[in-house]
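Each protein sequence line maps, in turn, to chains A and B.
Numbering-wise, my numbering comes out as the position in the first sequence, counting from 1, plus 479.
Numbering-wise, my numbering comes out as the position in the second sequence, counting from 1, plus 171.
Notes for the one structure printed next.
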Amino acid sequence: MALLTPAFRRWSQWLAVLWLGVVVLVAALAPVLPLPYPPNSPDLANIATPPLEAVGHWLGTDPQGRDVLSILVFGARTAVLLTLPAAVLAAVLGALAGGAAGFWGNATRLAVPYWLLGGGVGWWALQLPVPLLGLVVAAVGLGMALLFGVRKQRFPSWPIPLNAVVVGAATTLDTVPRLVLVVAMAAGTGVSIPGLLVLLTLTSWPLPARLVRAQMLRVRTLPFVEAAQAAGISPQRVWMRHALPHALQPLRTSLPLSVAGLLGLESTLSFLGIGLAPDVASWGRLMATIRNEPSAWWAFVFPALCLIISIISLNSLSRHRAAQEKLLP
Amino acid sequence: MTQHSLRKLLCITIAGLLYSCSPQRADTDVIRVRWSHDPETLDPFQFSNQASLDAVNLLHLGLLEVDLTRLKYAPVLAESLPTTHLIGDSLTELRYTLRAAAAWDNGCPVLASDVAFTLKLMFCPDLPNEAARARFGFIEDITTTATAPRRFTLVCRGQSLEYLVASGDFPILSEAAIDPRGQLRRYSLRALQRRPVTAPADTVLLDVARRYRAASPDQLPGLLPGCGPYELVAWERDRYLTLRRKTNWWPDAQLQPVPAVLQALPKQLEYVIIPDAATATLALRRGDLDVYPQMPAREYARLQTSPSTSNPLRLYSSLSYSVVMAGFNTRQPVLADALTRQALSHCFDAAGLLEATQMGAGTRTVGILSPANRINYNDSLALIPFDLKRAAALLRQAGWQRGPEADAGWVRAVANRPRQQLALRVRYRAEETLFATVALQFQAAAAKIGVPVTLLPTESGTFSSSVHTGDFDVYVRMLNGNPFMFNFTPIFHSEAIGAGNTTGFDTPASDHLIEAITTAETEQRRAHLLRRFQALMQREMPVVPLFFLPNRVAASSSLTGLQVSSLKPGYAVKTLVRAPQPSPAP
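Shown next, in the form of structure tokens:
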């Protein structure tokens, strides 16, 4: 396969980086770009006009008279501002959860008063039935902690099933298709940009968590970690300063894939009309307008191309990083 | 398994697949009609959305009904139009006689006692009958006689031209089905009407209301049988609603010839819920639909330029009395004053919207009366121009001040109240592209003068409840009218706040004018009052009427008897017949 020669791969990497760079640049500069029309201003004299037919509408207008080019530019901004933070937040959340699960497993223990304190505050914060009961339990926990502290007695402790909780939660989230989960949650709560960001983050952390956990299981048995523990450094410090940085390696490869997945998910939600508000420009929403005007191919083809090229570029970037990692000693 | 039997199995599978993929032959007895959304309810007392009205009109009959093709009221359960007798200068008596043939499905005749029961039910407490109360509150009493059980007299407050037809336009319910012991008979209609809201609970009335609700007329009208030509067979929400023609409907055997308004030719009507316009057009082209009423302009134009080959279509167009309008929630402090509402009305580009969404067809208007109604339309009023400078000037006049920054909003100081910030939420039905375009245009225009607008596309059922509970600042919707009745009580009178008066608008002057219109004695007087009413509404601006829509209907050419009307639903469904298909040549 001549197409898969190293030279072609190198060029495809550069093209991918170039495209993604352009998308990020356009997203950052969208408000100051000299676009002929704002994205939400309908040009009522030019409804569903093909490209280059109306003055200033270089890529045509959608069935509501909005400029397709402007929607593409501001759609890129929405995509970047939504998917990149969501992917990073999911990676951070997944790294912390997976790293902790991999490092401590189910073995670490917590003193009973802290269990009561945490459980009570959680009960109250989640406003479970009789929230006051949560506060009472938390107060009992606090009282016990103070009492034991004054008497300098050793607390009784219970194990924390950290690994089981993290793996269980990740498995539970993975068993429900992500689109179904997000649609159900969005339908129940309604969606704003911050809400969608939280939704995407909460449904995307299991993959980074699994990757980091698996890596952590290997890292925690390496000599330098054992040496640090033998030197008397606290487990938290060993975890944070020595083990975790080495366990994050897989995220370099998975982050672009995560962004690609989120980009596709956001577009799907917007296409279905359950994503962002109608006045937020989105590639998926622009594609959905084809349903109102099936002959307006330009309202579908241009955003679809942007989406396809972006996802291919992110996949290509991910493959490149995976290849780089294989070359590492 | 042998190779021979395997081949046989493969052939059967392929044949089965081909059969299941081939288009189904249309059932000649079924007429399929597109609805964009489900009826909100089938309760005959809740005049909610058009789909509800369509279904209720097929399940129940009134005393009178509009003959859609002649645009005139015709007697249905009544033998003829009522005779009118003016009593003094403040009362009108309308004398009705029911058709001798009119009967319920069990063969029992429809009697004056059923009419009295229906009217009393409209004023029975603890029932969702607010809309009916506002609409038929002018009927003060009903008198019946034991010796002539089909005759009755309606006593109406005031004297009005409209009483002749308005008094008979409500579905009649069976007393035997809900109140077999005749418990409501001991109450007069007048007593029920005058019963204060704060009156102590009456066990008899509560019992009747409980039995009515138990019949679930909103969901299962089978428990509340009507004397209409159809019965509900199935209702799958978001999918379809099927009605079947009764085999024992009373006019079939009793009336010869059957009057036009009592004809019901389709043996089965299937209303298919297809929210998306393009999908509905595709279904029509494929022959999965027979009638597509209220077709959007672009879909209609597309069918005109590229006719369907698999299902030849006929396209019809006429005037309509449906006006697209925006409504302001006058209960919101920022929208309580007329000047602010006037200012915002200049942010709607009605001419541009008409051109963009209706391809120029349709008519701009100064009010909610159609310009086609030449006698009553106030042509001395000017159309509201799209003028953002004027909008900003009027906002300043209304006391609003804008900060010096370009993106600063408008604020207003009000004595003894928190400072007001002008920011609006616009609610509209999510699946309607027309409303979405209006909202988007308003948002863009308002943004230019610094008024932030949030768009709230809302699912159909939620939209109705949100509008009724006042959970909006501005809404965009359609209002259906007609050329012969001008009773604005259910939508603009203070009595209807919380029911049909969704804008919450009420002033003593408007209430007085609405009452005067409903009781106008001559056409000239009514026209004069209607013109004043339009002027008042333009001054007060609780709603911004944008334009009247044309009525566009596309139907399969295999149907005959399709009569298009300018009244909703835009065509007469009961006269539709599928022409016999030519049998294949031997």
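Where a beta carbon is used, it is the ideal one built from N, C-alpha and C, also for glycine.
- Assignment of beta strand (DSSP E) within the stretch 274 to 341 of chain B, counting only whole runs of 3 or more residues, yields 310 to 315 and 322 to 328 in chain order.
- Distance check between L595/B and each of S635/B, D644/B and F676/B places D644/B closest, using alpha-carbon atoms only.
- Residue pairing from DSSP places S489/B in a beta bridge opposite N722/B.
- For E745/A, no beta strand (DSSP E) run applies; the uninterrupted alpha helix (DSSP H) run containing it begins and ends at L730 to L751, by DSSP.
- For L265/B, the enclosing beta strand (DSSP E) starts and ends at L262 to T268.
- Beta-bridge partners of W406/B (DSSP): L412/B.
- Listed in chain order, the positions of the stretch 517 to 540 of chain B with a beta carbon within less than 7 Å of a beta carbon of chain A are D520, G523, L524, E526 and A527.
- Excluding residues up to 5 positions away in sequence, G498, F499, N500, T501, P713 and V714 lie with their Cβ nearer than 7 Å to the Cβ of T674/B in the same chain.
- Take A601/B, set aside five residues on each side of it, and the residues of its chain with a beta-carbon closer than 7 Å to its own are P628, T629 and E630, in chain order.
- The beta carbon of T693/B sits closer than 8 Å to the beta carbons of L332 from its chain, once the five residues preceding and following it are set aside; these are given in chain order.
- With distances taken between CA atoms, A226/B lies nearest to E441/B out of E441/B, A272/B and S284/B.
- For L440/B, DSSP records a beta bridge to I202/B and L414/B.
- For Q475/B, the closest Cβ of chain A is not nearer than 8 Å.
- Taking a beta-carbon distance threshold of 8 Å, R469/B counts as an interface residue toward chain A.
- Taking each of G573/A, R633/A and L625/A in turn and checking the Cα distance to A693/A, the smallest one comes out for G573/A.
- When the Cα atoms are used, V432/B and L239/B turn out to be separated by approximately 9 Å.
- It is roughly 43 Å from the alpha-carbon of Y411/B to the alpha-carbon of A706/B.
- Per the C-alpha coordinates, the member of F659/B, L436/B, V505/B and R328/B positioned closest to Q364/B is R328/B.
- Near chain B, meaning a CB-to-CB distance below 8 Å, the residues of the stretch 766 to 787 of chain A are R770, N771, E772, P773 and S774.
- In this structure, V677/A sits away from P729/A, with a CB-CB distance that is not shorter than 8 Å.
- Assignment of V616/A by DSSP, reduced to helix, strand and coil, places it in the helix class.
- A distance below 6 Å between beta-carbons, with the five flanking residues on each side excluded, links T587/A to the following residues of its chain, in chain order: I639.
- Within its own chain, the residues whose Cβ lies closer than 6 Å to the Cβ of M623/A, once the five positions on either side in sequence are excluded, are P592, listed in chain order.
- The beta-carbon of D644/B is placed no less than 8 Å from the nearest beta-carbon of chain A.
- Between the stretch 368 to 381 of chain B and the stretch 206 to 220 of chain B there are fewer than three C-beta pairs closer than 8 Å, too few to call the two in contact.
- Of the residues assessed, C279/B falls on the exposed side of the cut-off, its CB having fewer than 16 other CB atoms within 10 angstroms.
- Taking 8 Å as the Cβ-Cβ cut-off, the stretch 508 to 531 of chain A approaches chain B at P517, N519, S520, P521, L523, A524, I526 and A527, given in chain order.
- Of the other Cβ atoms in all chains shown, fewer than 16 fall within 10 Å of the Cβ of P589/B; this residue is therefore exposed.
- The Cβ of L626/B sits closer than 8 Å to at least one Cβ of chain A.
- Here the alpha carbon of I526/A sits roughly 22 Å from the alpha carbon of L453/B.
- Contact holds between the stretch 551 to 562 of chain A and the stretch 507 to 524 of chain A, because three or more Cβ pairs, one in each stretch, are under 8 Å apart.
- A straight line joining the alpha-carbon of L506/B with that of L525/B spans about 26 Å.
- Exclusion of the five residues before and after T608/B leaves T528 as the residues of its chain whose Cβ lies within less than 6 Å of its Cβ.
- At a Cβ-Cβ threshold of 8 Å, W684/A and A569/A count as neighbours.
- Around the beta carbon of Q513/B, 16 or more other beta carbons sit within 10 angstroms, so the residue counts as buried.
- In the structure shown, the three-state DSSP call for F606/B is helix.
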